[in-house]
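At position 232 of the sequence shown the residue is numbered 233 (the numbering used here), and the sequence of numbers has no breaks.
Data first, discussion second: the structure below is written as structure tokens.
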Amino acid sequence: MKADKKWVFTLFFTAFISIIIFITSIYNFSSSYTLTNSHKPISTVHRGTGYPPAFAYYISGSRGDGDRIFRLLLAVYHPRNRYLLHIGTEGSDDERMSLSFALDYPLVTQDDMSHAFSSISRDANFIDHTSDLGWKEGQRITPIVVDPGIYLARRAQIFRATEKRPLPNAFKVFTGSPWVILSRSFLEYCIFAWDNLPRTLLMYVNNVILAEEVYFHTVICNSPDFKNTTVNADLRYMVWDDPPKMEPLFLNKSNYDEMVESGAAFARQFAKNDPVLDMVDSKILKRSGNRVAPGAWCTARRSWFVDPCSQWDDVNVVRPGNQVKKFEESLKSVVDDSRVDLNQCS
């Protein structure tokens, strides 16, 4: 993958780069949305203290990924959640592949997610990070790149300046996994910024290759108010070559048992329509065909011709499934580790 063909993200993309943004404390409102708009909910969506956590998902893909994105959307759908879908046509095939969240797939239901996250602080930010930049310093951080796509509507390759810039003195640069789960309070800080740090770093990463591996990690670890809210994990199951390459290996049926035992929330990466996805759908998510993964909110009788989610009950009630115990144990483990290591952002 050629570094000079990487693209840089705009403010909009940076603000929503996480596959999941952990939402809390949104005022009550009525929802009348379903995936197909064919059925209206019969209960009001409530958010905030006393109700299960809700999630906002950012799902991205490239041209030709429509089927993958739709399948992923069905797998993670819940009426309490919000979804932002992005299909990009810019950049090389390699970089679109590396940024395609449609290559991920959940290993737990949304009821599992809400149930497990109810037991931890809603201010927690799951963000794999390190200040050990290694090879990224010389290949991604210090090179100066300009993305014409920020200013032009047409497709254009980025170009690189002949000189490099030194690492900044005003803040310490961190890097890590682009897949993060961020709290509402931290996202509001990044967007509204009662100090100038998020805006300063946004300008800095405009000239950084693969800014999604730098921006949130650097903001949170340089913020006195949020640096102790980090959990150094991305809750993903991946298998790597030895030595590791740029991308993890594609998963298949041979990885299923280990995936299930991992207690991860998501796994990456999968070939399109790989049979192991059908196993996850059948055994974990309990979904089939072009139907959403059912939860406690689905009340219609299940049959081959009736979608159980064609009728709704209380969407503020969750019913965890058979993976929730392993997921809760994994979640508790990484959260406990973060409490022990209070210098994660060093």
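From the three backbone atoms N, C-alpha and C, an ideal C-beta is built for every residue, glycine too.
For clarity, every value in this text was computed on a predicted model and none was experimentally measured.
Give me the residue from the options with the minimum Cα distance to residue i.
i: R292; options: H130, R72 and T219; result: R72
i: I128; options: L188, K254 and P244; result: L188
i: A272; options: L286, V261 and P249; result: P249
i: D342; options: D314, N323 and A234; result: A234
i: H1; options: D337, S334, V318 and S339; result: Only positions 2 to 347 of the chain appear in the structure, and residue 1 is not among them; the question remains open.
i: C310; options: A297, I182 and R320; result: A297
i: R303; options: R288, D315 and K326; result: R288
i: D279; options: S44, G51, R69 and S63; result: R69
i: I60; options: A76, T45, G49 and Y52; result: A76
i: C299; options: P80, V336, G49 and A57; result: P80
i: Y252; options: Q140, P144, P244 and D275; result: Here residue 252 is Leu; the residue named in the question, Tyr, does not match the sequence. The shortest Cα separation from L252 among Q140, P144, P244 and D275 belongs to D275.
By the three-class DSSP mapping on this structure, what secondary structure does residue i have?
i: S339; result: helix
i: R237; result: strand
i: V147; result: strand
i: W313; result: strand
i: Q345; result: coil
i: H47; result: coil
i: K333; result: helix
i: P245; result: coil
i: K165; result: strand
i: T231; result: strand
i: L286; result: helix
i: G62; result: strand
i: F328; result: helix
i: I121; result: coil
i: V128; result: Residue identity check: residue 128 is Ile in the sequence provided, not Val. In the structure shown, I128 sits in coil (DSSP, three-state: anything other than H, G, I, E or B).
What span of residues does the alpha helix (DSSP H) with residue i cover, start to end?
i: S115; result: Q111 to F118
i: R72; result: G67 to V77
i: E213; result: Here E213 belongs to no alpha helix (DSSP H), and DSSP marks it neither H nor E.
i: S263; result: Y257 to S263
i: D279; result: P276 to V281
Just to check my reading of the structure: residue i and residue j have Cβ atoms closer than 8 angstroms, yes? What is that Cβ distance to the nearest angstrom?
i: G177; j: E138; result: Wrong, their Cβ atoms sit about 14 angstroms apart, outside the cutoff.
i: V232; j: Y216; result: With 8 angstroms as the limit, V232 and Y216 do not qualify as a contact, their Cβ atoms being about 18 angstroms apart.
i: R269; j: D105; result: 5 angstroms
Which two residues bound the contiguous beta strand (DSSP E) that contains residue i?
i: A297; result: No beta strand (DSSP E) contains A297, which DSSP labels as neither H nor E.
i: F271; result: Careful: F271 lies outside any beta strand (DSSP E) and carries neither H nor E.
i: D226; result: Careful: D226 lies outside any beta strand (DSSP E) and carries neither H nor E.
i: P107; result: D105 to P107
* For the region 167-209, list the alpha helix (DSSP H) runs that are entirely contained and at least 4 residues long, ordered along the chain. => For the region 167-209, whole alpha helix (DSSP H) runs of length 4 or above, ordered along the chain, are 185-193 and 198-206.
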